[in-house]
Structures are given as C-alpha cells and as structure tokens.
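A.B. asks: Mind looking over this structure? Questions follow.
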Amino acid sequence: MRRRINIYRDIDWVTVLLYFILVIMGWLNIYAAVYNEEHNSIIDLSMKYGKQMLWIAASILLIVTIMLIDSRFYAFFAYPTYLFVIFLLLVVLLFGTEVNASRSWIVIGGFRLQPGEFAKFATALALARFLSAENMKIHKFKNLLSIAVIIFLPAALILLQNDTGSALVYASLLIVLYREGLSVSVLLIGFFAAILFIMALTLPVLYVLLFIVFVSCVLLLLLFEAKKDVLKGIFFFLITVGVLYLINLISLDRSFMWVLIASVVTSSFVLTIRALIHKIPILFLIIAITIGAFAYTFSVDYLFDNVLVAHQRSRINHLLGIESDPLGAGYNVNQSKIAIGSGGFSGKGFLQGTQTKYDFVPEQSTDFIFCTVGEEWGFMGTTVVLLLFLMLLIRLIVLAERQRSGFSRIYGYAVVSILFFHLAVNVGMTIGLAPVIGIPLPFFSYGGSSLWAFTALLFVFLRIDASRRELLR
Amino acid sequence: MQQVSLNTRKYVVISIIILIIIIYIAKLFSIQVLDNQYKTSASSNVLRHITQYPVRGLIYDRNNHLMVYNEAAYDLMVIPHQLKAFDTAALCEILDVTPSYVDAQLRKAKNYSRYKASVFLKQVSAMNYAQLQEELYLFPGFFTQTRTLRKYPDPIAAHVLGYVGEVNDGIVENDKYYKSGDYIGISGIERAYEHELRGQKGVEVFMVDVHNRIKGSYNDGEHDRSAVPGQSIQLTLDAELQAYGEKLMQNKIGSIVAIEPASGEILAMVSTPTYHPNLLSGRQRGVNYRKLQLDSLKPLFNRALQAQYPPGSTFKVLNALIGLQTGVVSVQTEYSCYYGYHIGSFSLGCHGHTSPLNLIESIQHSCNAYYCHVYRNILDEASDAGIVVNYQKWREIARSFGFGKKLGIDFPFELQGLIPESKYFENIYKSAWNSLNIVSMAIGQGEVLVTPLQMANSTAAIANRGFYYVPHLIKNIEKENGIDPKYEVKRYVGVDEEHFDPVIEGMYQAVHGGPGSTARFAKLEGIEICGKTGTAENPHGEDHSIFIAFAPKDDPKIAVSVYVENGGYGSVYAAPIASLIIEKYLIGEVKRGWYEERIFNANLLSREKKD
Ligand SMILES: [Zn+2]
Chain A
16 MRRRINIYRD
26 IDWVTVLLYF
36 ILVIMGWLNI
46 YAAVYNEEHN
56 SIIDLSMKYG
66 KQMLWIAASI
76 LLIVTIMLID
86 SRFYAFFAYP
96 TYLFVIFLLL
106 VVLLFGTEVN
116 ASRSWIVIGG
126 FRLQPGEFAK
136 FATALALARF
146 LSAENMKIHK
156 FKNLLSIAVI
166 IFLPAALILL
176 QNDTGSALVY
186 ASLLIVLYRE
196 GLSVSVLLIG
206 FFAAILFIMA
216 LTLPVLYVLL
226 FIVFVSCVLL
236 LLLFEAKKDV
246 LKGIFFFLIT
256 VGVLYLINLI
266 SLDRSFMWVL
276 IASVVTSSFV
286 LTIRALIHKI
296 PILFLIIAIT
306 IGAFAYTFSV
316 DYLFDNVLVA
326 HQRSRINHLL
336 GIESDPLGAG
346 YNVNQSKIAI
356 GSGGFSGKGF
366 LQGTQTKYDF
376 VPEQSTDFIF
386 CTVGEEWGFM
396 GTTVVLLLFL
406 MLLIRLIVLA
416 ERQRSGFSRI
426 YGYAVVSILF
436 FHLAVNVGMT
446 IGLAPVIGIP
456 LPFFSYGGSS
466 LWAFTALLFV
476 FLRIDASRRE
486 LLR
Chain B
54 MQQVSLNTRK
64 YVVISIIILI
74 IIIYIAKLFS
84 IQVLDNQYKT
94 SASSNVLRHI
104 TQYPVRGLIY
114 DRNNHLMVYN
124 EAAYDLMVIP
134 HQLKAFDTAA
144 LCEILDVTPS
154 YVDAQLRKAK
164 NYSRYKASVF
174 LKQVSAMNYA
184 QLQEELYLFP
194 GFFTQTRTLR
204 KYPDPIAAHV
214 LGYVGEVNDG
224 IVENDKYYKS
234 GDYIGISGIE
244 RAYEHELRGQ
254 KGVEVFMVDV
264 HNRIKGSYND
274 GEHDRSAVPG
284 QSIQLTLDAE
294 LQAYGEKLMQ
304 NKIGSIVAIE
314 PASGEILAMV
324 STPTYHPNLL
334 SGRQRGVNYR
344 KLQLDSLKPL
354 FNRALQAQYP
364 PGSTFKVLNA
374 LIGLQTGVVS
384 VQTEYSCYYG
394 YHIGSFSLGC
404 HGHTSPLNLI
414 ESIQHSCNAY
424 YCHVYRNILD
434 EASDAGIVVN
444 YQKWREIARS
454 FGFGKKLGID
464 FPFELQGLIP
474 ESKYFENIYK
484 SAWNSLNIVS
494 MAIGQGEVLV
504 TPLQMANSTA
514 AIANRGFYYV
524 PHLIKNIEKE
534 NGIDPKYEVK
544 RYVGVDEEHF
554 DPVIEGMYQA
564 VHGGPGSTAR
574 FAKLEGIEIC
584 GKTGTAENPH
594 GEDHSIFIAF
604 APKDDPKIAV
614 SVYVENGGYG
624 SVYAAPIASL
634 IIEKYLIGEV
644 KRGWYEERIF
654 NANLLSREKK
664 D
C-alpha cells in the first residue's frame with residue numbers, strides 16, 4: 016500500500032536551508048566581484064548579479080515544479096531523460112555556438128543553454144536506474160560494460176565539445192560504484208590506467224615502458240608465494256635484456272626501446288610456458304596486464320599525436336602543465352592565491368576587495384568566485400563556506416543511506432559525488448592544489464545553466480527522499 | 054552479508070571528503086593567516102604586461118631607392134575607471150570627433166574592461182596630437198600609445214607593395230603571435246614577407262598598484278623582452294621603370310610585366326587602374342578601401358597575375374617552337390595563305406601579305422593560315438598515337454613554358470590561367486573530335502587563357518633560348534643569406550635550344566623587317582628588339598592589344614609583356630608601350646618625345662563598356 020505524503024512535513028529542511036545559505040552567499044560574492052559605483056542597483060539586468068538574481072528566482076520555480084511531480088516519475092523516466100540529453104549533446108556538437116573555444120551552447124533566440132550541465136543530472140538518474148535493477152551483479156563483464164557506456168558516453172561528447180573540465184566530472188561517479196560494491200582491485204586498475212595515460216602524454220614512451228615493467232615485477236613479488244622463483248624470473252629477464260642489448264649493439268642498431276620490447280616478449284613467452292606447465296593462473300594475469308599496458312601506452316601515444324586536433328592537444332597539454340604561455344605560467348593561480356591570501360584572517364570586508372575586482376583574477380564571477388570569498392571574508396569566510404559544503408555533503412550521505420530503494424540511494428550518492436568533485440576541483444584550483452580546469456563552484460558561480468542543473472540535481476533527490484515512506488516493506 | 058560489508062564503505066567515503074576539506078582548510082590557513090607574503094605583495098604584486106611593438110621592416114627597390122617607410126602615429130587610449138568628469142566639448146574639438154563618438158567609445162571601453170586600457174581613437178593626426186599632448190592633463194584616464202603607420206614616398210606600385218591592416222578574429226585564433234588590434238600584411242609583398250617584415254613583439258612587465266599606477270619594473274626587468282625590429286627587404290623592382298610604366302598605362306586598363314631573363318627578377322609589375330598606396334594606410338583606410346572596392350574599373354584587382362586573357366597571336370611563337378620540336382615543320386617549310394585558312398565549310402581569315410611564306414616570315418607577318426597548318430600537323434602528325442596523345446604532348450610542352458599552372462612567384466593570389474586537358478574536349482565533342490575543332494588555339498584564341506606574368510615569363514624563356522627562372526620580387530632580406538633557392542634553379546622548357554634561333558629571327562624581323570612586318574612600330578634605333586604582336590578577341594568591346602618582346606637580341610636584359618584592354622591591334626598601343634619600357638630600361642631615358650606623348654595622352658577608359 017502507499018501512504019500519502021506531505022512534502023512540507025517530509026522534505027529535509029536542513030538541506031533546503033544549506034542550499035539557500037550557499038546560493039545567497041554566492042550571489043553576494045558575485046555582486047562584490049563585479050560591483051562598481053555606477054551600477055549598484057541589485058536588479059540591474061545589464062550586470063551579472065542582476066541576471067543571477069533572475070536565475071535564482073527561476074530556480075525557486077524549478078524547485079516548486081520538482082516538488083509537484085510524483086517521485087516515481089524520476090526512476091520511470093530515467094532512461095528517456097538520459098537519451099534526450101544525449102540527443103541534445105549531439106545537437107550542440109553539430110550546431111552549437113562556440114563560447115571561449117568550447118562548443119557547448121545552444122542558442123535559441125536570446126536564450127543560451129548548456130546541455131552539458133544537465134547531462135550530469137541525467138547520467139546520475141540513468142546510472143541509479145541501471146544499478147538498482149534486481150539481482151544486479153556489478154562485476155559481471157556485461158554490466159561493467161553498460162556502466163562504462165552510461166558514464167563515458169556523455170563524458171566523451173562533452174570532451175568533443177572541448178569542455179575538458181566538465182567531462183572529467185564523470186570520473187567522480189566511481190565513488191558511487193565503490194559504494195555499490197565495485198571491488199577495490201577494479202578501482203586500482205582504473206587508477207593505474209589513469210596514471211599510465213598521464214605518463215604516456217607527459218613522459219617519453221621508454222620511461223613509461225620501464226615503469227610498467229617495474230610495476231609488473233612488484234606485482235609478481237607481492238602476489239607470489241615463491242619469492243625465490245620470482246627473483247629468478249626477474250634475473251632471467253635482465254639477462255635477456257643484456258643479451259639482446261649486445262646483439263643489438265653488434266648487428267641490429269635499433270633503439271633501446273626495441274631491446275626492451277623484445278625482452279618483454281621473450282620473457283612473456285617463457286613465463287607463459289611455465290604458467291601452462293605449472294598451472295599458475297595469476298601469472299597469466301600479470302603477463303596480460305604487462306602486455307596490455309604496453310599496447311595501451313602506444314595507443315594513447317598514437318591517438319594523441321595523430322587523432323586529436325591541435326587545439327585539443329594544446330588543451331590537454333595545458334591541463335597537464337606541459338605547455339603554457341611563458342609569462343602566464345601559473346600566472347592565474349598566482350593571482351588567485353594573492354587575492355585569497357591578501358584576505359588574511361578576517362578579510363577586507365564586503366565590497367572592499369581590490370584584487371578580484373580589478374580584472375587581475377580571471378573569470379572572477381564564474382570559475383574563480385572563491386577568490387572573492389577569500390579576499391573579502393578572509394580565512395573565516397573560506398572556512399565557513401567549506402564547512403557548509405561539508406555539512407551538506409555529509410547530510411546528503413546520511414539521507415542516501417536512509418533510503419529504502421536502491422535507486423534513491425544510488426542517485427543520492429551520485430549527487431554527493433558530483434557536488435564533491437566540483438567543490439574539490441574548483442576550490443583546489445584557486446589555491447593551487449588542483450589543475451586549472453574551468454568548472455563552476457556549485458550554487459556559487461555565476462551562470463543560469465549551472466545553477467539550474469545543480470538545483471535540479473539536488474532537489475530531485477530531496478523529492479525522492481520526501482517520499483521514502485511511501486514504500487512500506 | 055555483502056550488504057553489511059558495503060555499509061562500512063560509507064565511512065570511507067565520508068572520511069575521504071573530510072580529509073580533503075581538512076587539507077584545503079589547512080592550505081587556506083597557510084596562505085591566508087601564516088604567510089604574510091601574499092598580504093604585503095597584494096598591493097604591488099599585480100603585474101601588467103605592456104606590449105612593445107617592433108618597427109616594421111623597410112622596403113627598397115633594386116637600386117636601394119626607398120619605397121616604404123614608417124611614420125609614427127598615436128593611438129589615444131582610455132582606462133575607464135580612471136576617468137574623472139571632463140569637458141567633452143573640448144575633447145571633441147581637439148580630436149575632431151562628435152560627442153556621440155565619445156559616448157560610444159567610452160561605452161565600448163567599459164564593456165571590455167573598466168581597469169584595462171582600450172583604444173579610444175586610432176591614429177590621431179600629428180597636428181591634433183601636438184595639441185592633445187599639451188592638454189592631456191585635463192583628461193585623466195586618457196593616455197597615448199605610439200604605433201607606426203606605413204608611408205610611401207612615391208605614388209607607385211600599390212599592387213606590388215600591398216597593404217597592412219588589423220588582424221581579423223580568424224587569424225587571432227589560429228596564430229598565437231597575433232592579438233586583436235595587431236597589424237598584419239594583407240596583400241602584396243606586405244603579405245608575402247609578413248614574417249620577415251613584422252619583427253618580433255616585445256613585452257615589459259610592470260608591477261601595478263590597486264589604483265593601476267605603475268610602481269616599477271617587475272623582478273628588475275628579468276621577464277622583459279625587447280622588441281626585435283622587422284627586417285628590411287630589397288625588391289627586384291626598378292622603381293623608376295615601375296613609375297614610368299604606370300605613367301604609360303595611365304587612363305588605360307591593363308598590365309605590364311618586365312623580367313630580367315638572366316635571373317627571373319621582376320623589374321616592373323604594373324596593373325592599371327591603380328591607386329595611391331597611401332590611401333590604404335592610416336585612419337581613412339576603411340573608407341578608401343570601400344570606395345576602391347566599389348569602383349567599376351576594379352583598381353584593387355592585380356591584373357598582372359590575376360587577369361586571365363587569351364594570348365592571341367603571341368601564341369604563334371610557342372606553336373612554332375613546338376612544331377619544330379615535334380618535327381612536324383622545319384625552318385624551310387612553306388605554306389600558302391589565301392587571305393586565310395579555308396577548308397570545307399571552315400574558314401579563318403588572314404590579312405594581306407606575301408605568299409607562300411616560310412617559318413621565319415610566318416612570324417614576321419603573323420600569318421594565321423600558317424599556324425593552322427602547324428597546329429593541325431602537331432595534333433595529327435607528331436606521332437601515330439592519335440590526337441589525344443599528341444594534344445597532351447603539346448599541352449605538356451606549353452606547360453613547361455609556365456602556362457596553365459602557377460609559376461610560384463613570391464606573391465599571394467597568383468592565378469594559373471588555362472590550358473585545358475584533352476578530356477575537356479572529349480566532353481564537349483563527345484569523343485569524336487579532330488584537330489579542326491580546336492584549330493583556333495593555333496592563334497591563341499579559344500579555350501586558352503594566360504596571365505600577363507606568364508606571358509612575360511615565357512618571353513624570358515625564349516630570350517634565354519630554352520629556360521627560365523621562377524619570376525620573383527625578392528632580391529635581398531636584411532639578415533638572411535640570399536633568397537629562397539627555388540628562385541635560383543634553371544627551369545628548362547620542353548623545346549631544345551637549337552630551335553629557338555629561327556623563331557627569334559622571326560620576332561626580330563617582325564620589328565626590324567620591311568613593309569608588312571607586324572611590329573615595326575616597336576622599332577628603336579640602336580637596340581635589337583625581338584617582339585610579337587597579339588590581339589585578343591574581346592566579346593565585350595574593342596579587342597585587347599598585346600605585345601611580348603625582349604632586347605637586346607643576343608644578350609637579353611629585359612623581357613616584357615604588355616596587355617592593353619580595348620587597345621585594338623597589338624601594334625597600336627601594346628607594341629609602342631613595350632618599346633618605350635625597353636628604351637627607358639636599357640638607355641635610361643626616353644628620347645622619342647612625340648612617341649611617348651601619344652601614349653601618355655591616350656585615354657581608353659571610355660572604351661570600357663559599363664555593364
Ligand atoms: Zn596569312
């Protein structure tokens with residue numbers, strides 16, 4: 016049976032309160048960031064804070080709408096919503112308008128929309144729906160593949176729009192998978208792949224291959240009982256390298272990389288035969304990982320040099336800190352740290368900031384809004400903001416854990432993951448602890464699309480949570 | 054049971070979140086509370102990068118005569134937040150602008166940034182600048198920035214030199230060097246040698262306080278980079294000859310291209326109507342450009358390498374050479390001419406002259422019938438392989454003279470003319486085509502198109518008896534050793550050296566022979582000129598007058614092609630113009646006063662049909 020619910024009674028007011036505190040603080044800081052003496056009416060629509068006021072008003076309408084919709088709707092329409100957003104991402108990729116070199120906007124009339132912002136919400140719904148299916152076995156290969164498609168399809172489309180930052184957000188959904196039982200070893204393999212990816216782009220291929228060989232040896236030593244045999248194996252490998260090196264020196268005249276690859280192939284061959292004779296499956300696994308890692312390194316290298324176009328390459332290079340304009344190396348981060356640092360313990364006071372307003376900090380109302388907090392409100396302000404976010408995140412985890420349906424719990428964790436990733440990267444980049452990738456600070460940064468997307472993400476969860484008692488088991 | 058173990062994972066997630074927040078708060082504590090460096094530096098550690106613009110390279114002619122130099126110009130800049138109330142009317146008076154201009158520019162500047170400088174008025178005139186400097190203190194927030202403008206001492210060679218203008222958004226996006234508002238060579242030499250001429254921008258880094266006042270050099274100027282001036286370049290052009298050529302072509306539409314055969318250096322490249330190069334420099338550039346663009350005579354169009362005309366009878370020289378090379382005629386071969394070439398229902402007229410005539414006389418008298426025979430022989434008898442193979446062989450040799458392809462001159466927007474593939478005719482005549490179908494190409498009519506540059510180049514190849522150098526305009530670049538080696542390679546044409554002498558003799562006789570020689574009007578006392586007239590049919594009006602020539606015969610110093618649109622027969626205008634160019638270049642002055650007066654005074658613009 017179903018019980019009638021009362022939204023007013025059952026909605027989690029703690030979260031609602033935290034939301035409004037954050038949104039209002041965000042607006043005050045946008046006002047401060049673009050404030051000037053001539054335009055000081057708070058609803059001046061030619062100024063960013065005037066527009067943001069409008070977006071906030073629209074968000075309240077959005078919240079009311081979400082509350083009026085039946086909670087079962089979201090699970091039911093999870094896949095259609097997801098497909099619709101994928102469709103929009105394709106549209107934007109083909110016909111979108113370019114802003115700051117990212118082709119991520121749909122412009123209809125004077126109205127601009129970034130479908131990428133809403134894709135997070137839709138992906139969270141679709142992932143929750145998929146993982147909450149009955150008898151879900153997360154480690155079945157087929158399921159892992161489906162999960163990967165659900166997560167990486169929107170991420171890839173957003174990456175193609177040149178919005179690297181927003182694409183990386185999807186990696187945060189690994190937290191959801193972890194909570195839902197993905198084994199730590201799968202996470203480690205993913206982690207290893209990410210490290211290899213970055214190494215393949217930043218280091219000479221030879222170093223990466225040496226790193227792989229090193230990791231394989233460590234794995235062998237860790238996973239095998241017979242350490243003596245492993246040491247023998249490593250010794251055998253080194254001998255192979257030496258012999259091949261000499262042969263190469265005398266007659267072949269190829270690079271050392273060739274020697275290394277030939278040695279790995281030879282050793283793998285010998286080890287495979289040993290594994291067959293002694294029936295040691297774990298040895299197969301390690302050989303497969305090593306050879307797979309080699310192939311992976313070369314394909315990343317190839318893809319990067321031959322498939323990506325120049326501006327995508329330079330973006331990735333920039334992201335990894337390989338390439339940046341000579342005078343601007345760390346310039347933005349340095350300016351941002353100066354702005355935050357100059358705030359001191361208690362800040363310069365509302366509207367008294369100078370660093371952020373004088374155009375010396377880039378994107379001061381969007382990606383670098385945290386600088387204004389730091390400058391005008393000081394350490395107290397930044398700590399309060401971080402603690403408010405911490406309270407919100409922990410509160411959401413508590414809410415997620417009290418859900419009776421898998422769908423709502425998983426969705427709740429997705430909300431937590433996405434908000435946390437945005438918070439960690441956005442604040443991290445302003446203080447030099449994370450790479451500068453342009454993603455907004457939830458509820459704070461200027462922009463209608465991002466505010467609405469975060470509002471929808473959060474309040475759909477609150478709506479589902481309010482109905483948790485409908486299902487009596 | 055699994056659910057139980059998974060439940061502990063929420064603590065892991067919460068721990069990670071708390072850990073990261075603690076790290077961030079610790080870091081914030083360090084930079085906001087512990088570290089005083091940020092507080093003390095905040096007021097002075099804001100950096101401002103000021104671009105140092107290099108001086109653009111100068112351009113000289115082959116005799117080191119200055120053709121392009123720079124003049125200082127001043128942009129008035131504004132920083133909106135430093136503005137105080139000022140007397141708008143006074144500013145308008147000093148600058149010659151309207152109050153609405155002031156309003157619009159200030160609004161634009163504020164929209165860009167309240168704290169960064171925007172251009173308020175570009176290129177304040179020298180007179181206004183003097184007054185402005187005196188009264189600038191009345192207008193806080195305004196300051197001037199020095200830029201340079203291109204200036205031209207002589208009103209010549211506008212098409213060759215080209216012009217510079219502001220970069221567009223596309224360039225800014227694709228080339229990191231350029232920032233919005235920078236200048237770049239847009240056409241001509243300015244474009245072709247942009248990289249050499251522009252130099253390298255520099256930068257000075259200053260520390261600026263919160264009121265945007267410069268507090269001094271950052272890090273003792275360690276990050277400063279001074280601007281590297283652009284390199285000066287020397288052109289192969291002879292400014293005097295160029296000026297003379299432009300004067301000859303005044304009030305006429307067309308082109309003169311003169312090349313030094315022994316090097317491929319372009320001595321003059323005239324395209325008329327032309328314009329004063331100063332028109333496209335400075336504040337009035339936009340207005341002037343639009344005016345020129347709307348002019349029905351198309352003064353912006355560089356006819357020397359973008360106009361594609363039929364070569365007319367000058368093409369007979371090429372067909373004579375190919376005929377000799379393929380062996381279908383010899384110097385002694387004679388054909389009769391019955392006031393033209395008549396076969397069956399086909400008829401192509403000719404003018405009255407002695408008949409029959411041999412190869413040398415055929416050039417001297419420019420006989421149409423003779424070349425109908427020669428051309429049909431080439432297509433039908435050069436080999437047994439049939440017309441397609443023979444035509445392609447002919448086309449290949451024609452292309453070896455530089456026709457139907459881009460020559461590779463160091464100049465943008467060169468066109469390639471047209472020598473059609475045999476397929477073109479197969480399509481038109483549905484495979485069943487014969488040499489009579491395209492016989493008009495024998496006399497340079499029909500489907501063939503050439504540019505004046507290609508004509509001059511092929512004349513140079515004839516003067517050299519079988520090779521040419523890719524025509525070029527660059528003679529010297531300040532800091533580089535020599536020019537692109539591709540301009541120093543001999544390009545051999547597909548005709549052997551021995552076949553040139555009879556053809557050149559024909560061209561010599563055309564100028565120096567007795568009555569009936571077509572180019573006698575080009576004769577110049579004391580210089581052996583070899584030339585060939587041409588007339589290109591013009592469906593829109595009077596025919597175009599064409600002449601190619603080189604001189605002296607045995608030691609060629611100059612090869613020239615002249616196109617005069619609506620000029621009628623080649624001998625009427627083009628031949629005397631070429632003769633005068635040769636006289637000017639080889640002798641240094643023109644002594645035939647009446648002869649050049651006639652050309653100076655001729656106005657053919659009224660013949661241009663306006664449609
Ligand atoms: Zn004749």
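Residue numbers (my numbering), protein chains in the order written: chain A, 16 to 488; chain B, 54 to 664.
Quick reminder that beta carbons are idealized off the backbone N, C-alpha and C, glycines included.
Which residue or residues does DSSP assign as beta-bridge partners of residue 733(B)?
C.D. replies: Residue 733(B) lies beyond the stretch modelled for chain B, which goes from 54 to 664, so this question has no answer here.
A.B. asks: If you drop the 5 nearest sequence neighbours on each side, which residues of the same chain put their C-beta closer than 6 Å to that of residue 218(B)?
C.D. replies: 239, listed in sequence order.
A.B. asks: In chain B, which residues lie less than 7 Å from residue 416(A) when you measure between Cβ atoms?
C.D. replies: Residues of chain B passing the Cβ test: 63.
A.B. asks: Taking the Cβ atom as the reference point for each residue, do residue 391(A) and residue 422(A) lie within a distance shorter than 8 Å?
C.D. replies: No.
A.B. asks: Could you say which of 414(A), 155(A), 402(A), 358(A) lies nearest to residue 387(A) if we only look at CA atoms?
C.D. replies: Comparing Cα-Cα distances from residue 387(A) to each of 414(A), 155(A), 402(A), 358(A), the minimum goes to 358(A).
A.B. asks: Express the C-alpha separation of residue 279(B) and residue 543(B) in angstroms, rounding to a whole number.
C.D. replies: Between residue 543(B) and residue 279(B), the C-alpha separation is close to 42 Å.
A.B. asks: Thinking residue 209(B) and residue 112(B) are a contact (beta carbons under 8 Å), I'd like their distance in whole angstroms, please.
C.D. replies: 12 Å between Cβ atoms; not a contact.
A.B. asks: What runs of the alpha helix (DSSP H), each 4 residues or longer, lie entirely inside the stretch 588-657 of chain B?
C.D. replies: If we require 4 residues or more, the alpha helix (DSSP H) runs fully inside the stretch 588-657 of chain B come out as 627-640, 646-654.
A.B. asks: Kindly indicate if chain A contains any beta-carbon less than 8 Å away from that of residue 82(B).
C.D. replies: Output row for residue 82(B): interface = yes.
A.B. asks: Roughly how many angstroms separate the alpha carbons of residue 539(B) and residue 296(B), rounded to a whole number?
C.D. replies: Going by the C-alpha atoms only, they are around 29 Å apart.
A.B. asks: Taking C-alpha atoms, which residue in 450(A), 483(A), 209(A) lies nearest to residue 351(A)?
C.D. replies: It is 450(A) whose Cα lies nearest to the Cα of residue 351(A).
A.B. asks: What number of angstroms, rounded off, separates the C-alpha of residue 458(B) from the C-alpha of residue 432(B)?
C.D. replies: So the two alpha carbons sit approximately 22 Å from each other.
A.B. asks: Just to be sure I understand the criterion: a residue counts if its Cβ is closer than 6 Å to at least one heavy atom of ligand 1. Which residues meet that?
C.D. replies: Checking every Cβ against the heavy atoms of ligand 1 under 6 Å gives 390(B), 403(B), 406(B), 420(B), 421(B), 422(B).
A.B. asks: From residue 356(A) to residue 86(B), what does the alpha carbon distance come to, in whole angstroms?
C.D. replies: Distance between the alpha carbons of residue 356(A) and residue 86(B): 8 Å.
A.B. asks: So does the stretch 430-446 of chain B actually touch the stretch 366-382 of chain B, counting three or more Cβ pairs closer than 8 Å?
C.D. replies: Counting Cβ pairs under 8 Å, three or more are found: they touch.
A.B. asks: For residue 356(B), count the other beta carbons within 10 Å of its own beta carbon; 16 or more makes it buried, fewer makes it exposed. Which is it?
C.D. replies: Flag for residue 356(B) reads buried.
A.B. asks: Am I right that residue 463(B) and residue 525(B) are in contact with their C-beta atoms under 8 Å? What's the rounded C-beta distance?
C.D. replies: About 5 Å; that satisfies the 8 Å criterion.
A.B. asks: Looking at the structure shown, is residue 204(B) part of a helix, part of a strand, or coil, going by DSSP?
C.D. replies: Residue 204(B): strand per DSSP, three-state reduction.
A.B. asks: Suppose contacts are defined by Cβ-Cβ distances below 8 Å. Is residue 701(B) in contact with residue 288(B) by that definition?
C.D. replies: For chain B, the structure presents residues 54 to 664; residue 701(B) sits outside this window and is missing.
A.B. asks: Any idea if residue 363(B) is buried or exposed, counting beta-carbon neighbours within 10 angstroms, 16 or more meaning buried?
C.D. replies: Classification of residue 363(B): buried, given that the 10 Å Cβ count is 16 or more.
A.B. asks: Do we get a CB-CB distance below 8 Å when we pair residue 355(A) with the residues of chain B?
C.D. replies: Chain B contact via Cβ: present.
A.B. asks: Within this structure, are the beta carbons of residue 622(B) and residue 308(B) separated by less than 8 Å?
C.D. replies: It is not a contact, given that the beta carbons lie outside the stated cut-off.
A.B. asks: Please confirm whether residue 193(A) has its beta-carbon closer than 8 Å to some beta-carbon of chain B.
C.D. replies: True, the Cβ-Cβ gap to chain B drops below 8 Å.
A.B. asks: Express the C-alpha separation of residue 399(A) and residue 406(A) in angstroms, rounding to a whole number.
C.D. replies: About 10 Å.
A.B. asks: By the 10 Å Cβ neighbour count, where 16 or more other Cβ atoms means buried, how is residue 329(B) classified, buried or exposed?
C.D. replies: So residue 329(B) ends up on the exposed side.
A.B. asks: In chain B, which residues lie less than 7 Å from residue 435(A) when you measure between Cβ atoms?
C.D. replies: Within 7 Å Cβ-Cβ: 70.
A.B. asks: Checking 8 Å against the spacing of the C-beta atoms, do residue 119(B) and residue 206(B) come in under that value?
C.D. replies: Yes, the pair counts as a contact, with Cβ atoms nearer than the cut-off.
A.B. asks: Write down every uninterrupted run of the beta strand (DSSP E) in the stretch 365-427 of chain B whose length is 3 residues or greater and which is fully enclosed by it, in chain order.
C.D. replies: 393-396, 399-402, all fully within the stretch 365-427 of chain B.
A.B. asks: With 8 Å set as the bound, which would you pick, yes or no: does the beta-carbon of residue 405(A) sit closer than that to a beta-carbon of chain B?
C.D. replies: Yes, its Cβ sits closer than 8 Å to a Cβ of chain B.
A.B. asks: If you drop the 5 nearest sequence neighbours on each side, which residues of the same chain put their C-beta closer than 7 Å to that of residue 108(A)?
C.D. replies: These residues qualify, in order along the chain: 118, 172, 175, 176.
A.B. asks: What is the DSSP secondary structure of residue 434(A), counted as helix, strand or coil?
C.D. replies: Helix at residue 434(A).
A.B. asks: Who pairs with residue 562(B) in a beta bridge, going by DSSP?
C.D. replies: In the DSSP output, where bridge partners are listed per residue, residue 562(B) has none listed.
A.B. asks: Please check if any C-beta of chain A sits within less than 8 Å of the C-beta of residue 230(B).
C.D. replies: It does not: the Cβ of residue 230(B) has no partner Cβ on chain A nearer than 8 Å.
A.B. asks: Would you say residue 352(A) lies against chain B (beta-carbon separation less than 8 Å)?
C.D. replies: Residue 352(A) counts as touching chain B.
A.B. asks: Just verifying my parser: in three-state terms, what is the DSSP assignment at residue 85(B)?
C.D. replies: It is helical.
A.B. asks: Identify each residue in the stretch 382-394 of chain A for which the Cβ-Cβ distance to at least one residue of chain B is less than 8 Å, and report them in chain order.
C.D. replies: Taking 8 Å as the Cβ-Cβ cut-off against chain B, the residues of the stretch 382-394 of chain A that qualify are 389, 393, 394.
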